[in-house]
Each structure stands twice: as structure tokens, then as C-alpha cells.
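Visitor: Position 126, counted from 1, in the sequence shown is what full-length UniProt numbering calls 126; the numbers after and before it change by one each time, with no gaps. Cβ coordinates follow ideal geometry from the N, Cα and C atoms, glycine included.
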Amino acid sequence: MKELHNQLHQESINHPETFWAKAADALSWQTPFAKVLDASDAPMYRWFSGGELNTCYNAVDRHVEAGRGDQVAIQYVSPVTDTEYGITYNELLAQVSRLAGYMASQGVTKGDRVIIYMPMIPETAYAMLACARLGAIHSVVFGGFAANELATRINDAKPKMILSASCGIEPSGVVAYKPLLDDAIAQASHQVEQCLVLSRSQLHADLVAGRDVDWQRAMADAPNIDCQPVAATDPLYVLYTSGTTGQPKGVVRDNGGHAVALAWSMKNIYDINAGDVFWAASDVGWVVGHSYIVYGPLLVGATTLLFEGKPVGTPDPGIFWRTIANYNVKSFFTAPTAIRAIKRDDPDGDFLNDVDLSGLQTLFLAGERCDPDTLHWAEQRLNKPVIDHWWQTETGWPVAANMMGTAPVPVKAGSPALAVPGYDVQVVDEVGEQVPADQTGNVVIKLPLPPGTLATLWQNEARYKESYLSMYPGFYLTGDAGYMDEEGYLYIMSRIDDIINVAGHRLSTGRFEEVLCQHEAVAEAAVIGVDDKLKGQVPLGLVVLKKGCTLSDEQLYKELIAIVRDQIGPVASFRLVSAVPKLPKTRSGKILRGTMRKIADNQNYKMPATIEDPYTLELVRNALTRMGYADAHV
1 MKELHNQLHQ ESINHPETFW AKAADALSWQ TPFAKVLDAS DAPMYRWFSG
51 GELNTCYNAV DRHVEAGRGD QVAIQYVSPV TDTEYGITYN ELLAQVSRLA
101 GYMASQGVTK GDRVIIYMPM IPETAYAMLA CARLGAIHSV VFGGFAANEL
151 ATRINDAKPK MILSASCGIE PSGVVAYKPL LDDAIAQASH QVEQCLVLSR
201 SQLHADLVAG RDVDWQRAMA DAPNIDCQPV AATDPLYVLY TSGTTGQPKG
251 VVRDNGGHAV ALAWSMKNIY DINAGDVFWA ASDVGWVVGH SYIVYGPLLV
301 GATTLLFEGK PVGTPDPGIF WRTIANYNVK SFFTAPTAIR AIKRDDPDGD
351 FLNDVDLSGL QTLFLAGERC DPDTLHWAEQ RLNKPVIDHW WQTETGWPVA
401 ANMMGTAPVP VKAGSPALAV PGYDVQVVDE VGEQVPADQT GNVVIKLPLP
451 PGTLATLWQN EARYKESYLS MYPGFYLTGD AGYMDEEGYL YIMSRIDDII
501 NVAGHRLSTG RFEEVLCQHE AVAEAAVIGV DDKLKGQVPL GLVVLKKGCT
551 LSDEQLYKEL IAIVRDQIGP VASFRLVSAV PKLPKTRSGK ILRGTMRKIA
601 DNQNYKMPAT IEDPYTLELV RNALTRMGYA DAHV
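1. Going by alpha carbons, who is nearest to D183 out of D345, S78, A147 and N268?
2. Using beta-carbon positions only, say whether R133 and A100 come within less than 8 angstroms of one another.
3. Can you list, in chain order, the residues of its chain whose CB lies under 6 angstroms from that of G432, leaving out five sequence neighbours each side?
4. Contact check, V260 vs K330 under 8 angstroms by CB: the rounded distance?
5. Could you check the C-alpha separation between V620 and D498 for me, to the nearest Å?
6. Does the beta-carbon of N501 have 16 or more other beta-carbons within 10 angstroms, so that it is buried, or is it exposed?
7. Just the Cα atoms here: how many angstroms apart are T303 and G144?
8. Assess, as a yes-or-no matter, whether the stretch 83-99 is touched by the stretch 58-70 under the definition of 3 or more beta carbon pairs within less than 8 angstroms.
9. Mind reading off the beta-carbon distance from V287 to A325? Whole number of angstroms is fine, and I expect it under 8 angstroms.
10. Express the C-alpha separation of C195 and N6 in angstroms, rounding to a whole number.
11. In angstroms with no decimal places, state the Cα-to-Cα distance between S28 and L556.
12. Look at G589 and E368 and say whether their C-beta atoms are less than 8 angstroms apart.
13. Which of the three DSSP states is assigned to A419 in this structure?
14. Considering only their Cβ atoms, is the gap separating P385 from G414 smaller than 8 angstroms?
15. In the DSSP assignment, what residue or residues form a beta bridge with I591?
16. Tell me whether the beta-carbon of V80 lies closer than 8 angstroms to the beta-carbon of G309.
17. Express the C-alpha separation of T610 and L298 in angstroms, rounding to a whole number.
18. Taking C-beta to C-beta, are D480 and K446 nearer than 8 angstroms?
19. Under the three-state reduction of DSSP, which class applies to T245: helix, strand or coil?
20. Quick check on the burial criterion: 16 or more other C-beta atoms within 10 angstroms. Buried or exposed for N268?
21. For the beta strand (DSSP E) that V96 lies in, which residues bound it at each end?
22. Please classify D41 as buried or exposed, where buried requires at least 16 neighbouring CB atoms within 10 angstroms.
23. Could you check which residue in I496, G488, E514 and K160 has the C-alpha nearest to that of H376?
24. Which term fits V571, buried or exposed, when burial requires 16 or more other beta carbons within 10 angstroms of its beta carbon?
25. Quick one, are the C-beta atoms of L352 and W321 less than 8 angstroms apart?
26. State yes or no: is the C-beta of T109 nearer than 7 angstroms to some heavy atom of the ligand GDP?
27. Please state whether DSSP places I342 in a helix, a strand or coil.
28. If you drop the 5 nearest sequence neighbours on each side, which residues of the same chain put their C-beta closer than 6 angstroms to that of A43?
29. Once the 5 residues before and after P223 are set aside, which same chain residues still bring their CB inside 6 angstroms of it?
30. Y629 and V530 look like a contact to me (Cβ under 8 angstroms); what is the Cβ gap, rounded to whole Å?
31. Could you check which residue in V175, Y177, V208 and D156 has the C-alpha nearest to that of S189?
32. Which residues does DSSP pair with Q426 in a beta bridge?
33. Do you know whose CA, among A366, V36 and V238, lies nearest A24's CA?
34. For L163 versus I121, is the C-beta distance shorter than 8 angstroms?
35. Are the beta-carbon atoms of residue 635 and V96 separated by less than 8 angstroms?
36. On the three-state DSSP scale, how would you describe E308?
Listed below in C-alpha cells is the structure:
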């Protein structure tokens, strides 16, 4: 099938207008587009200019009109509240059109911004789709985000309305959202006119008179409203991603290109069609939740599973497998860190016993580099294809992947396979020259980017060009480092900032982590480069051990140093390694290597807004101190 993959890829690069016009036929257009690719303002390329459509109509209404209204659109599973129920396309249409009707009655119109600060519940999906129905631009902020971080997003997006809920549910217990929202609004300079607040049974929300409105009461008398056509090039949403300057970057996604790319990817990459059940175990606060919990599955008429829980602890490491079996999930998408957590707590896969996974066809992994050991563990326990694939918040859908719905290719552990049609991926050196096969360099994508990728940054085109387009003119800078082998398989090894220079040798921290995870006692690993007077930098490793590990610290460290020396060589200068109970991560599963590096090098750092558990930084600081590093302060 590699020949078919390459054929499709070449067609998309050589004839992008023909390729994407054909893909656009899968959608309903109010007004046909005049141009598939508009390069008149390059490098600010636009897709499907002149066309009009509505993303909500394509995700909801047209399936009802086609006679499939009784099919489940959203299957809600919440082990943290012991709640499970399905929402049909008929019910979804009723909920979304009424919520949109209420918002319209309060003056929300096309182009207005609406911030959504909610947990993993069906009403969050209703909120996103209701904004799309009106042509309003939603900006989802991860529920439970710190008040000051939410305030910066309020000031940047300037929302007309905020939709929120009283609380979220974490394994640690109930997290009150409303006090955080009130604090953020108090800090923000932009004045929010109205907050629509859903009170959950787990915690009551105190409403501010004159500003806050109870969700259920508002819905009781709300009118239904039809979809409003918008330009294909109009923004659908703004999703903020952390910026190096401390000011968040608002990634802008358009309506037309986004819908075309996601519908194409569901069928061709994830092998999902109308009526299939798809589960992306992420959160709507992240890009995965936007693309593959809400929009992607609904655009093709599939059933999407909305899950409020964690891979372990809600209640055990078998919850994913039981959920897949209970709802006959065909394709499952999660982060490698979730599989590592399951592997750590259930190394022998005992929780898979007596679970019928015959309906599951593929496990997809993305969000953090998947080390070969984790991939092989999942393959052996599940006896299913395990597909690593790579993309970013900015791209909105996969850049490199195994196209399981059209042209599957052999899996190579450690690689997300080949560049997806639409993406001309290259690996270059510091001056922009392509490097030979198997040589590490900076991963870039030749312009124009395909449909569905970021159009710009919200209210900041100059920053968009500076951040992504200036280093290599004519190319988009991914910020990732890696290499391609002779067959064109891409290997993403680390962020560019995570390439370390040991006595003149450029080494990838991802390679170190890959080797450390081969040790039978290691569940996951993180490696950072720390300052060294003699060599410039040296690698420092932190590992989390599998439950039940009986090796002594001395023996473990001896074996880890030996395995790195054997597989990377003495040039690695790997002598610093320590075990920690947990690694510091974002809520989406990314390891906070940059923050750990600052702690090790005694630099000031700011507590990351997206951190899942702040206490993990103390665990890291203690380990670094034992090795003779750290004592930075926040």
C-alpha cells in the first residue's frame, strides 16, 4: 500500500486544487467556492475562498435530514460521576439549536467571540456547535485553568459571552470552576456582558446578579434557530497555545478548510465512516478534543464517545478497555502517556482479561512521542495495530500518519510513518538545506499548508509570520527536530529546544528516553540537557518505575547507565539519572521538559498554566538536588 500512499501524496502536492476540491465534495456548501487555493496574499494562503457553508449544519443537521436522526451522535461515559447515556442526532440538533437560539437572543452574532470554560460533559459540545451554528467564534479554555491565565484569554479574545459550569470532576475530587471564573473576570480589563452557567449536581454555583444566568432556566424558554451561512475563510474558533513570551498565542481555525480536512482525515486516516464508533480520549480544551471528539466524528456521521475520567484511578487501569468493549469502539485515539500510565499500574495487562475487544480495529497514539517500548507493549497486550501519528495544535489534524482507511503501510516503531497527503515535510539544517536520510535536523513543511491548518494568530499576523514563517522563508517551522529514513518514514525525536549539545555532538533527548524505556523496570522517562562547564551540556534522566519494581537504586542506575552507553555510546556522557514517583506533565500528557531544565539550571521559572499536578515539580526538584542540581524559584 506504500505505492498508493505515495501516489495520493504526490497528487496532493502537485495538484492541490484538484485533490482538495474532490475532498470538499463530502460536505454541503451553501455557496460553491470560487477558488480552491487562493495564493493572492502569500504566504497568507486561503482555502475555498468565495464559498459559504456552516460547520454545525455539516456536523448535525444534514445527518438528521438524511434520515439518521435516531443514531447516537454522542455517547457520554463518566466513570467519575457513574453516568452513561447516549444523545441521538435528533436530540443533539434540538439541544444545539435551542442553545444557539438563546445566545442569539442575547445579541451574539456572526464574528462575536464566546469563551467556553467547561468540563467533559455533553453541554460543552453543545456550546461549541451552537457557536458554529451562529457563526460566532468559540474559544475553549481548559476547565479549571488558573484565573490569571483565563483572564489573559478574556482580554485577548474579548468575548461577548462566557459559557461555564459549576465544577469539573478530577480523581482528586470536585474542582470548583465558578470561583476561578469570577476571579478571572475581576482581573480582566475586558468587561464580559453575560455568563451562562450550568450548575452540576456535584456542586452548586453562586450566580452574580445582573451578569450570570442559569443554564437550565435559559434553555427552558429559548427559541430554536437555523444555521447561519459563513464564509469558508471565516474563523470557526480560536484555540490558545502557550507562547514563549508568556502571552498566549491564539491559533485561528477557519470553517471551510477545517471541515474538509477533518472529514477527509476521519475516513482516510482513522477508517471511520457514518455509523462507526470513534473515541478520542482527550479533552475538549485541547486541539484533539476540537478535531476528534467534537467536529471530526460528527462531520462524517459517526458516533463520538465523550469520556469524563482518566486512564487510571477512575477507578482502575481497565476503564479504557471496558469502555471500548461496552460501546464497540472501532478506532481508539489516546496519548502515549495514557498507555504508559496503564502499563505502569498494570504491567502484565491483567485488566484486559475477559474484556472483549473484538470490535476494536486500531489504537492511535499522538500528543507526545511514542517510544518503541510503549508501542510494542500495547501491540502485544491488545493484539491490534498500534499507530503512532504526529501533529500539532497549529496543524489541527495529522501531519504524518499511517492512513488506515485507505493505504496502510508497515509500522516502524518510533515513527509516525509517512507525511499525510497535503503536507510536504522536509528535514533541514540551520541554513535550510535538506539533510541526508537518517540525519537529524529541523522538521519543516513547505508552504502552502493544506486545508485545516492555522490561518493566522488571533489579532496578530506579525507574530504568526515571526513565529512560524520567518526562519525558513517559504516553509512552516514545526519547532520539532527529527529525521527521515530512506523510505521517507519520519521520526520526531524532540522539540528543537530539546536537542542537546554534548561536547559538540548534537543528541536528541527523545533517543535517550527511547533507550531508557527499554529497561524492564521503567514505565516512562524524561531526559533534559543540563549545563556542564566542560562539555557544554550533559543529559540528565528521570524515570518512573513500574509498580512492584524490586531493584535497588544502585543496581537500577548502574543498569540504566550501561544500557545508554551500549546503545548511544560513550559520547552520550550519561551519568545522571534518578527515579521519581511521577513526572510533571500538562493535562494533555506532555512532559514539562523545559520547566525541568530551568529548575536544573537554577533559572527562574513560572508555574505552567497547563500543569496537571504542581507537586510533581517538587518531586523533580528533590531528585535534581540529590544529583547536585537545582534550587531555582518560581
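Guide: So, from the data block:
1. For this step, residue 183 is matched to residue 183 along the sequence shown. If we check each option's Cα against that of D183, A147 comes out closest.
2. As a first step, residue 133 must be located in the sequence shown, where it is residue number 133. As a first step, residue 100 must be located in the sequence shown, where it is residue number 100. A100 is positioned such that its CB atom lies closer than 8 angstroms to that of R133.
3. In the sequence shown, residue 432 corresponds to position 432, counting from 1. Correct list, in chain order: Y472.
4. Counting from 1 along the sequence shown, the entry for residue 260 is found at position 260. Counting from 1 along the sequence shown, the entry for residue 330 is found at position 330. The Cβ separation is near 22 angstroms, so there is no contact.
5. Along the sequence shown, read from residue 1 onward, the residue named residue 620 stands at position 620. Along the sequence shown, read from residue 1 onward, the residue named residue 498 stands at position 498. About 18 angstroms.
6. Mapped onto the sequence shown, residue 501 falls at position 501. When all chains shown are included, N501 counts as exposed.
7. Residue mapping note: residue 303 aligns to position 303 of the sequence shown, counting from 1. Residue mapping note: residue 144 aligns to position 144 of the sequence shown, counting from 1. Rounded to whole angstroms, T303 to G144 spans 27 angstroms at the Cα level.
8. Below 8 angstroms, enough C-beta pairs join the stretch 58-70 and the stretch 83-99 to call them touching: three or more.
9. Working through the sequence shown from its first residue, we reach residue 287 at position 287. Working through the sequence shown from its first residue, we reach residue 325 at position 325. Not confirmed; about 28 angstroms, so no contact.
10. As a working mapping, residue 6 is identified with position 6 in the sequence shown. As a working mapping, residue 195 is identified with position 195 in the sequence shown. So the alpha carbons of these two residues sit roughly 50 angstroms apart.
11. Residue 28 sits at position 28 when you count from the first residue of the sequence shown. Residue 556 sits at position 556 when you count from the first residue of the sequence shown. One C-alpha to the other measures close to 59 angstroms.
12. Locating residue 589 in the sequence shown gives position 589, counting from the first residue. Locating residue 368 in the sequence shown gives position 368, counting from the first residue. In this structure, E368 lies closer than 8 angstroms to G589 by Cβ.
13. For the purposes of this step, residue 419 is taken as residue 419 along the sequence shown, with counting starting at 1. Residue state, collapsed to three classes: strand.
14. What you label residue 414 is simply residue 414 of the sequence shown in a count that begins at 1. What you label residue 385 is simply residue 385 of the sequence shown in a count that begins at 1. No. Outside cutoff.
15. As a working note, residue 591 is residue 591 in the sequence shown. Its beta-bridge partners are K585.
16. Taking the sequence shown and counting its residues from 1, one reaches residue 80 at position 80. Taking the sequence shown and counting its residues from 1, one reaches residue 309 at position 309. Taking 8 angstroms as the Cβ cut-off, V80 and G309 qualify as a contacting pair.
17. Against the sequence shown, residue 298 aligns to sequence position 298. Against the sequence shown, residue 610 aligns to sequence position 610. One Cα belongs to L298, the other to T610, and the distance between them is close to 28 angstroms.
18. If you number the sequence shown from 1, residue 480 lands on position 480. If you number the sequence shown from 1, residue 446 lands on position 446. Cβ atoms of D480 and K446: not closer than 8 angstroms.
19. One-based indexing of the sequence shown puts residue 245 at position 245. Note that T245 has pLDDT 48, beneath the 50 cutoff, so the model's placement of it is unreliable and the number below is only indicative. For T245, the three-state secondary structure derived from DSSP is coil.
20. Within the sequence shown, the letter at position 268 stands for residue 268. Under a 10 Å Cβ-count criterion, N268 is classified as buried, with 16 or more other Cβ atoms of the shown protein chains found around its own Cβ.
21. By 1-based counting over the sequence shown, the position of residue 96 is 96. Per DSSP, V96 lies in no beta strand (DSSP E) segment; the continuous alpha helix (DSSP H) that holds it begins and ends at Y89 to S105.
22. Taking the first residue of the sequence shown as position 1, residue 41 is located at position 41. Classification of D41: exposed, given that the 10 Å Cβ count is below 16.
23. Position 376 of the sequence shown, counted from the start, is the residue given in the question as residue 376. It is E514.
24. On the sequence shown, position 571 is the one that residue 571 refers to. Taking every protein chain shown into account, the CB of V571 has fewer than 16 other CB atoms within 10 angstroms, so this residue is exposed.
25. Numbered from 1 along the sequence shown, position 352 holds the residue referred to as residue 352. Numbered from 1 along the sequence shown, position 321 holds the residue referred to as residue 321. Yes, the pair counts as a contact, with Cβ atoms nearer than the cut-off.
26. With respect to small molecules bound, the structure shown includes none, and the ligand GDP cannot be examined in it.
27. Here the question's residue 342 lines up with position 342 in the sequence shown. I342 falls in the helix class under three-state DSSP.
28. To locate residue 43, count along the sequence shown from 1; it is residue 43. In the sequence as presented, Ala is not what sits at residue 43; that position holds Pro. Within the same chain, P43 has close Cβ partners L447 and L469.
29. Residue numbering aside, residue 223 sits at position 223 when the sequence shown is read from its first letter. So the qualifying residues of the chain are G101.
30. Within the sequence shown, residue 629 is the residue found at index 629, counting from 1. Within the sequence shown, residue 530 is the residue found at index 530, counting from 1. Contact holds; Cβ gap of about 6 angstroms.
31. Walking along the sequence shown from the start, residue 189 turns up at place 189. Nearest to S189 by alpha-carbon distance, out of V175, Y177, V208 and D156, is D156.
32. In the sequence shown, the residue the question calls residue 426 occupies position 426. For Q426, the beta-bridge partners assigned by DSSP are V444.
33. For the purposes of this step, residue 24 is taken as the residue at position 24 of the sequence shown. Taking each of A366, V36 and V238 in turn and checking the Cα distance to A24, the smallest one comes out for V36.
34. Position 163 of the sequence shown, counted from the start, is the residue given in the question as residue 163. Position 121 of the sequence shown, counted from the start, is the residue given in the question as residue 121. In this structure, L163 lies away from I121, with their beta-carbon atoms at least 8 angstroms apart.
35. Nothing about residue 635 can be read from this structure; the chain reaches only from 1 to 634.
36. In the sequence shown, residue 308 corresponds to position 308, counting from 1. The answer is coil: DSSP assigns E308 none of H, G, I, E or B.
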